[in-house]
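K.L.:
Mind having a look at this structure? Questions to follow.
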Amino acid sequence: MNGGSSTHAQPPEPSAAHTIHEFEHGYEEEQRLRGFRSACGFVTATWGLHCPRCGKLDLVEFPLSGKGVVAAFTVQNVPADEFVNDAPYAYVLVDLDEGGRISGWMPSIRSVTDLAIGERVHWVQSYKPGVQFEKDVPLPGAARR
Ligand SMILES: [Zn+2]
Numbered sequence: 000m001n002g003g004s005s006t007h008a009q010p011p012e013p014s015a016a017h018t019i020h021e022f023e024h025g026y027e028e029e030q031r032l033r034g035f036r037s038a039c040g041f042v043t044a045t046w047g048l049h050c051p052r053c054g055k056l057d058l059v060e061f062p063l064s065g066k067g068v069v070a071a072f073t074v075q076n077v078p079a080d081e082f083v084n085d086a087p088y089a090y091v092l093v094d095l096d097e098g099g100r101i102s103g104w105m106p107s108i109r110s111v112t113d114l115a116i117g118e119r120v121h122w123v124q125s126y127k128p129g130v131q132f133e134k135d136v137p138l139p140g141a142a143r144r
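Per numbering that gives the first Met the number 0, the very first residue in the sequence shown carries number 0; after that it's consecutive.
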């Protein structure tokens, strides 16, 4: 009965000071990354209503620097639709300097030898979807695109 594709069937967004739409699109529309901080000191780059550490509903938004180190990555040869012209690229998990972990992608990484766990990266503003990172120290010959 409910086979339509209407988006009106979704539950309303929680009435928080921040919405997941704002969070997910903040870096695209406002060119900034949002993080959330709890009074207990927990920092996350993942949108949520309550602190996963202390459970309080006290997450306060603050802008993330977008600087950090690579915690994990994989090179994607079969891209998501949004990135179909960019493959191969790296899907990365970045541990941010201020705390929290964020996922993003790196179009400059074309092979597993182009990046290493622990390398420093930073967020770059892009018209592309997703959170895009670059190495702090560029690859030799990185202007190959
Ligand atoms: Zn907390």
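Every residue gets a Cβ at the ideal spot worked out from N, C-alpha and C, and that includes glycine.
By the DSSP assignment, the beta strand (DSSP E) with ALA79 in it spans what residues?
P.N.:
It is not in any beta strand (DSSP E) - ALA79 carries neither H nor E in the DSSP assignment.
K.L.:
According to the Cβ coordinates, are LEU58 and ARG36 closer than 8 angstroms?
P.N.:
Their beta carbons are under 8 angstroms apart, which means LEU58 touches ARG36 by this criterion.
K.L.:
Within 10 angstroms of its Cβ, does VAL110 collect 16 or more other Cβ (buried), or is it exposed?
P.N.:
Note on residue identity: the sequence assigns Ser, not Val, to residue 110. Exposed, since its Cβ has fewer than 16 Cβ neighbours within 10 Å.
K.L.:
I'd like to know whether the C-beta atoms of PHE72 and ALA44 end up nearer to each other than 8 angstroms.
P.N.:
Taking 8 angstroms as the Cβ cut-off, PHE72 and ALA44 do not qualify as a contacting pair.
K.L.:
Which stretch, first to last residue, makes up the beta strand (DSSP E) that contains HIS49?
P.N.:
Counting along the chain, HIS49 falls outside any beta strand (DSSP E), and DSSP gives it neither H nor E.
K.L.:
If you run the structure through DSSP and keep just helix, strand and coil, what is ALA16?
P.N.:
Its pLDDT being 47, under 50, ALA16 is placed unreliably in this model, and the coordinates cannot settle the point.
K.L.:
Identify the continuous beta strand (DSSP E) that holds THR73 and give its terminal residues.
P.N.:
THR73 -> beta strand (DSSP E) spans 66-75.
K.L.:
What does DSSP give as the partner residue(s) for TYR88 in the beta ladder?
P.N.:
In the DSSP output, where bridge partners are listed per residue, TYR88 has GLN75.
K.L.:
Excluding the five sequence neighbours on either side, which residues of its own chain have a C-beta within less than 8 angstroms of the C-beta of MET0, listed in chain order?
P.N.:
Its pLDDT being 48, under 50, MET0 is placed unreliably by the model, and the measurement read from it follows with that caveat. Excluding positions up to five away in sequence, the list is empty.
K.L.:
Distance check for ARG100 and LEU56, CA to CA, integer angstroms please.
P.N.:
Near 20 angstroms, if we compare the C-alpha coordinates of ARG100 and LEU56.
K.L.:
From ASP80, ASN84, PRO106, pick the residue whose C-alpha is nearest to that of VAL91; which is it?
P.N.:
Measuring from the Cα of VAL91, the nearest candidate turns out to be PRO106.
K.L.:
Along the chain, where does the beta strand (DSSP E) that runs through VAL120 open and close?
P.N.:
Run containing VAL120: 119-123, per the beta strand (DSSP E) assignment.
K.L.:
Please report the straight-line C-alpha distance between VAL42 and GLY103, rounded to a whole angstrom.
P.N.:
C-alpha separation (whole angstroms): 18 angstroms.
K.L.:
Consult DSSP for PHE132 and reduce its assignment to one of helix, strand or coil.
P.N.:
Looking at PHE132 - three-state DSSP - the assignment turns out to be strand.
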